[in-house]
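Colleague: Chains as they are written, first to last, in this note's numbering: chain A, 11 to 399; chain B, 240 to 491.
Glycine included, C-beta positions come from ideal geometry on N, C-alpha and C.
This one's a predicted model, so the numbers in the text were calculated from it and none came from an experiment.
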Amino acid sequence: MKYFHYIFRNVRRNPVRTLLTVSSLAITLFLTMILVSFFSINSEVTSSVRIYNRIVVLSSQGFAGRVPIARNKEIAAMDGILASTPFSWFGGKYNNETMPFAQFGIDPDTFFTIYDELIVPTDQLKEFKGDKTGCVIGKKLAEDRGLKVGDPLPLKGDIYPVDLNLTVRGIYDGPTNRDRRMCVFNWEYLDELIKNSPQSRTNGGNAGCIVAKCKSADAMVPLCHKIDAEYHSSDTPTLTQTEEAFGKMFGEMMKGLRWVITMISLVVVVALVFVAGNAMAMSLRERTTEIAVLKAIGFGNSLVLFLVLAEAMFVAGVGGGLGAFGCKLLCDTVDVARYSAGFLPFFYVSLANATMGLVLALLIGFFSGIIPAVLAAQSSVINGLRKVV
Amino acid sequence: MSHDPEFDGAPREKGSQSIVLRGVSKEYRRDEFRIPVLQSLDLSVEEGEFLALMGPSGSGKTTLLNLIAGLDRATSGDVIIHGQNLGRLPETRLTRWRADNVGFIFQLYNLIPVLTAFENVELPLLLTNLSKSRRRENVMTALRVVGLQGREHHYPRQLSGGQEQRVAIARAIVTDPYLLVADEPTGDLDRTSAGEILDLLEQLNREFRKTIVMVTHDPLAAQRAGRILHLDKGRLVDDVSQESQGRIGAAS
Numbered sequence: 011m012k013y014f015h016y017i018f019r020n021v022r023r024n025p026v027r028t029l030l031t032v033s034s035l036a037i038t039l040f041l042t043m044i045l046v047s048f049f050s051i052n053s054e055v056t057s058s059v060r061i062y063n064r065i066v067v068l069s070s071q072g073f074a075g076r077v078p079i080a081r082n083k084e085i086a087a088m089d090g091i092l093a094s095t096p097f098s099w100f101g102g103k104y105n106n107e108t109m110p111f112a113q114f115g116i117d118p119d120t121f122f123t124i125y126d127e128l129i130v131p132t133d134q135l136k137e138f139k140g141d142k143t144g145c146v147i148g149k150k151l152a153e154d155r156g157l158k159v160g161d162p163l164p165l166k167g168d169i170y171p172v173d174l175n176l177t178v179r180g181i182y183d184g185p186t187n188r189d190r191r192m193c194v195f196n197w198e199y200l201d202e203l204i205k206n207s208p209q210s211r212t213n214g215g216n217a218g219c220i221v222a223k224c225k226s227a228d229a230m231v232p233l234c235h236k237i238d239a240e241y242h243s244s245d246t247p248t249l250t251q252t253e254e255a256f257g258k259m260f261g262e263m264m265k266g267l268r269w270v271i272t273m274i275s276l277v278v279v280v281a282l283v284f285v286a287g288n289a290m291a292m293s294l295r296e297r298t299t300e301i302a303v304l305k306a307i308g309f310g311n312s313l314v315l316f317l318v319l320a321e322a323m324f325v326a327g328v329g330g331g332l333g334a335f336g337c338k339l340l341c342d343t344v345d346v347a348r349y350s351a352g353f354l355p356f357f358y359v360s361l362a363n364a365t366m367g368l369v370l371a372l373l374i375g376f377f378s379g380i381i382p383a384v385l386a387a388q389s390s391v392i393n394g395l396r397k398v399v
Numbered sequence: 240m241s242h243d244p245e246f247d248g249a250p251r252e253k254g255s256q257s258i259v260l261r262g263v264s265k266e267y268r269r270d271e272f273r274i275p276v277l278q279s280l281d282l283s284v285e286e287g288e289f290l291a292l293m294g295p296s297g298s299g300k301t302t303l304l305n306l307i308a309g310l311d312r313a314t315s316g317d318v319i320i321h322g323q324n325l326g327r328l329p330e331t332r333l334t335r336w337r338a339d340n341v342g343f344i345f346q347l348y349n350l351i352p353v354l355t356a357f358e359n360v361e362l363p364l365l366l367t368n369l370s371k372s373r374r375r376e377n378v379m380t381a382l383r384v385v386g387l388q389g390r391e392h393h394y395p396r397q398l399s400g401g402q403e404q405r406v407a408i409a410r411a412i413v414t415d416p417y418l419l420v421a422d423e424p425t426g427d428l429d430r431t432s433a434g435e436i437l438d439l440l441e442q443l444n445r446e447f448r449k450t451i452v453m454v455t456h457d458p459l460a461a462q463r464a465g466r467i468l469h470l471d472k473g474r475l476v477d478d479v480s481q482e483s484q485g486r487i488g489a490a491s
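1) Using a Cβ-Cβ cut-off of 6 Å (strictly less than) and excluding sequence neighbours within five positions of S94/A, which residues of its own chain qualify?
2) Apart from the five residues on each side of it in sequence, which residues of its chain come closer than 8 Å, Cβ to Cβ, to Q134/A?
3) CA-CA distance, P118/A and A286/A?
4) Going by the CB atoms, is the gap between V420/B and I319/B shorter than 8 Å?
5) Taking only the alpha-carbon atoms, compute the straight-line gap between L372/A and T38/A and give it to the nearest angstrom.
6) Could you give the residue range of the beta strand (DSSP E) that holds Y358/A?
7) For a test of the three-state rule: what should DSSP assign to S257/B, helix, strand or coil?
8) Find the nearest neighbour of F114/A within the set R191/A, V59/A, G310/A and V55/A, judged by alpha-carbon distance.
9) Rounded to a whole number of angstroms, what is the C-alpha to C-alpha distance between F100/A and F195/A?
10) Mind pulling the chain A residues with CB within less than 7 Å of I351/B?
11) Find the residues of chain A that neighbour R337/B, judging by a C-beta separation of less than 8 Å, and give them in chain order.
12) Once the 5 residues before and after G287/B are set aside, which same chain residues still bring their CB inside 8 Å of it?
13) With DSSP run on the structure shown, which of helix, strand or coil describes S279/B?
14) Suppose the cutoff is 8 Å on Cβ atoms and the five residues either side in sequence are ignored; what does the same chain contact list for D189/A look like?
15) At what residues does the beta strand (DSSP E) containing A347/A begin and finish?
16) Between the region 370–394 of chain A and chain B, which residues of the former have a C-beta closer than 7 Å to a C-beta of the latter?
17) Where do the N-terminal and C-terminal ends of the alpha helix (DSSP H) with N175/A fall, by residue?
18) Over what stretch of residues does the beta strand (DSSP E) that includes Q251/A continue unbroken?
19) What in chain B is Cβ-close to R19/A, meaning under 7 Å?
20) Per the contact definition of three or more C-beta pairs closer than 8 Å, is the region 330–340 of chain A in contact with the region 28–38 of chain A?
21) Can you name the residues of chain B whose CB is closer than 9 Å to the CB of Y13/A?
22) Taking S98/A as the reference, which of G375/A, P247/A, G214/A and V359/A has the closest Cα?
23) So who's on the other strand from F73/A, going by DSSP bridges?
24) Helix, strand or coil for Q346/B? Go by DSSP, reduced to three states.
25) For the alpha helix (DSSP H) that D228/A lies in, which residues bound it at each end?
26) Give the residues of chain B in contact with V9/A, contact being defined as C-beta atoms less than 8 Å apart.
27) Against chain A, with Cβ distances strictly below 8 Å, would H242/B count as a contact?
28) Considering Cα atoms alone, identify which of L395/A, K338/A and V314/A is closest to Y16/A.
29) Could you have a look at A433/B and say whether DSSP puts it in helix, strand or coil?
30) Can you check whether the CB of L428/B is closer than 8 Å to the CB of G401/B?
31) For A489/B and V413/B, what's the separation of their Cα atoms in angstroms?
32) Tell me, please, whether the CB atom of D429/B is closer than 8 Å to any CB atom in chain A?
33) Which partner residues of A36/A appear in the DSSP bridge assignment?
34) Comparing C-alpha positions only, which one of M11/A, Y13/A, F18/A and L45/A sits nearest to M273/A?
35) From the DSSP output, in three-state form, read off V391/A for me.
36) Residues of chain B with a CB under 9 Å from the CB of R23/A: which are they?
Right, here's the structure in full:
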């Protein structure tokens, strides 16, 4: 600690250079936090749904296929199933905004039993169940759009050639790591409109997928096998998996993107090592005589190495800390997801990620400082002092 | 660690060991050329002597000073300081030895510009195990000895050249070293400031019994030393003590 003062004064020696180095690290770590958090949130949320004992029944053709609605009742009747609901993505426009938030056709009678972490007031749920054109929206969505119970929520069909004229009948809330910007409406309303539409009459009677809640965690995997076995020889075979596995399947779809982003991030980090290393080398070049004086008066090679490395890591740590924890603070205080045009239902930077960012910055500092530090430690006192002593 | 925690700036007696150089040669290599700088030099300096090294540029003054200060190693011969043969010390121990035994005074002061006078003087003490309060005590004592009490919070840029050199001297003596080496300590100062610095060096030699080896081009500065060595082309060509110089002066 007795050397901290010396290190700190050296950091402040050239404020502009230090500020630029700190800024470049802060900006890079800020952006890295956004990217890392995007993927880690996906993984975290996927893992967190394990406790809800839900399974997802898709067509064996994946998202492109459809699941006949008759399967819903058949699955609900199976031993070990508590309830099931159709789950159909609508993807309509709201006020000419394309895909402004997630919209799903569901079964009002069972949806909030299956998604029991989402809470909607009993009277509002009753209203929703009693109104086929009603919908329930998330609390965040209501806040973003200034919507309240009783307000109209027209959705213009984009994937489907039909428009939904919904009315908000309820507002649900839930844990912070759940989508609270969703709109759920009665699947039957959508199905009726599809069946009555000349362009899509034959597409009626299908759900995008079926989500069922099992009575116990142990029952999930056997039920997945049972369901798939049941419809294996039918016209519409199924692909059933736990909700966690379903989430991971989404993650797998982003695997390529994740790889590309990881590689780009690595390249940026390496470039940053060079930038910070160059700043450190310049700083030390200006201090050649000072280093020689330190060594002359008894500062050993290892101490000089430590002082230079500590200085490099201090600068990088400040930059990285500002970037990583600044990003966390921003995401904690500002609802960043609100500005993602519906792309993200929620967004946060975990403490673990921010800490990892700080550690990454310290590593950048270490690697950027190691070569200048070794050169300083090995420099000749005589050459450094030139003609002086 | 030989730093004296009881250092209070008061004069004290040291042992009678001296600087002894036996058959010291030093040569540098530049590509395929060997450049001899010092040749078979023998020298003995008594405890508490104030020695001035003079000679034309390239005569080997600074190289000799570097050898005595443990900054460089002789190509052949022995450099024995305070009973310690420096040639036998590994690099790490030589560095430690310098910290414990040598105070450096440079022509251009070489203070750390981002540190205050106090912090500059404190630097060598950071290598010791002294407590913060004891370090503070020693720094203030050193600053008092050089007459800079009250200027401890000033940065080098806020001091005159003479004051900067005083801070450098305080830094050199704060660990109470056996030996002070000075390379042109007045080379960058006006006559008045130079006189003050030489007064201070004389005081350190006389009152605190510091052995001082000073390189200088200035005959007036050299006259302050008790003994003047003249080097030319790496050899000692003259060795005059002020005492004998005084006798010669009186005879003429």
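Modeller: Here's the rundown:
1) Short of 6 Å from the beta carbon of S94/A, and not among the five residues preceding or following it, lie these beta carbons of its own chain, in chain order: N82, I85, A86, I220 and A222.
2) Excluding sequence neighbours, Q134/A sits near V146, V159, R179, G180 and I181.
3) Rounded to the nearest whole angstrom, the CA to CA distance from P118/A to A286/A is 57 Å.
4) In this structure, V420/B does not lie closer than 8 Å to I319/B by Cβ.
5) A straight-line Cα-Cα distance of about 13 Å links L372/A and T38/A.
6) DSSP places Y358/A in no beta strand (DSSP E); its state is neither H nor E.
7) In the structure shown, S257/B sits in coil (DSSP, three-state: anything other than H, G, I, E or B).
8) Checked all of R191/A, V59/A, G310/A and V55/A; the closest Cα to F114/A is R191/A.
9) Distance between the alpha carbons of F100/A and F195/A: 10 Å.
10) By Cβ distance, chain A contributes E300.
11) By Cβ distance, chain A contributes A306, I307 and G308.
12) Closer than 8 Å at the Cβ level, and outside the excluded window around G287/B, lie K253, N444, R448, K449 and T450.
13) Looking at S279/B - three-state DSSP - the assignment turns out to be strand.
14) Apart from the 5 residues on each side of it in sequence, D189/A sits with its Cβ closer than 8 Å to the Cβ of A112, G148, P355 and F356 in its chain, given in chain order.
15) Here A347/A belongs to no beta strand (DSSP E), and DSSP marks it neither H nor E.
16) Shown in chain order are the members of the region 370–394 of chain A whose Cβ falls below 7 Å from a Cβ of chain B: V391 and I392.
17) Per DSSP, N175/A belongs to no alpha helix (DSSP H); it is in the beta strand (DSSP E), L174 to Y182.
18) Counting along the chain, the unbroken beta strand (DSSP E) around Q251/A starts and ends at T248 to T252.
19) Under the 7 Å cutoff, chain B gives V353 and L354.
20) Result yes; three or more Cβ-Cβ pairs closer than 8 Å.
21) In chain order, L365 make up the part of chain B whose C-beta sits under 9 Å from the C-beta of Y13/A.
22) Here the closest residue by C-alpha is G214/A.
23) For F73/A, no pairing in a beta bridge is given by DSSP.
24) If DSSP states are grouped into helix, strand and coil, Q346/B belongs with coil.
25) D228/A -> alpha helix (DSSP H) spans A227 to E240.
26) Nothing can be reported for residue 9/A: it is not among the residues displayed for chain A, which extend from 11 to 399.
27) Unreliable positioning characterises H242/B in this predicted model, as indicated by a pLDDT of 46, which lies under 50. The coordinate reading is nonetheless provided below. Interface flag for H242/B against chain A is unset, since no Cβ pair is found closer than 8 Å.
28) Ranking L395/A, K338/A and V314/A by Cα distance to Y16/A puts V314/A first.
29) In the structure shown, A433/B sits in a helix (DSSP, three-state: H, G or I).
30) The beta carbons of G401/B and L428/B sit closer together than 8 Å.
31) With a pLDDT of 43 at A489/B, under the threshold of 50, the modelled position of that residue is not reliable, and the figure given next carries that caveat. Annotation: A489/B to V413/B spans about 39 Å, alpha carbon to alpha carbon.
32) Answer no: the Cβ-Cβ gap between D429/B and chain A never drops below 8 Å.
33) Beta-bridge pairing links A36/A to no other residue.
34) Taking only the C-alpha atoms, the option nearest M273/A is L45/A.
35) Three-state DSSP puts V391/A in a helix.
36) For a Cβ distance threshold of 9 Å, residue set P352 and V353 of chain B lies close to R23/A, ordered along the chain.
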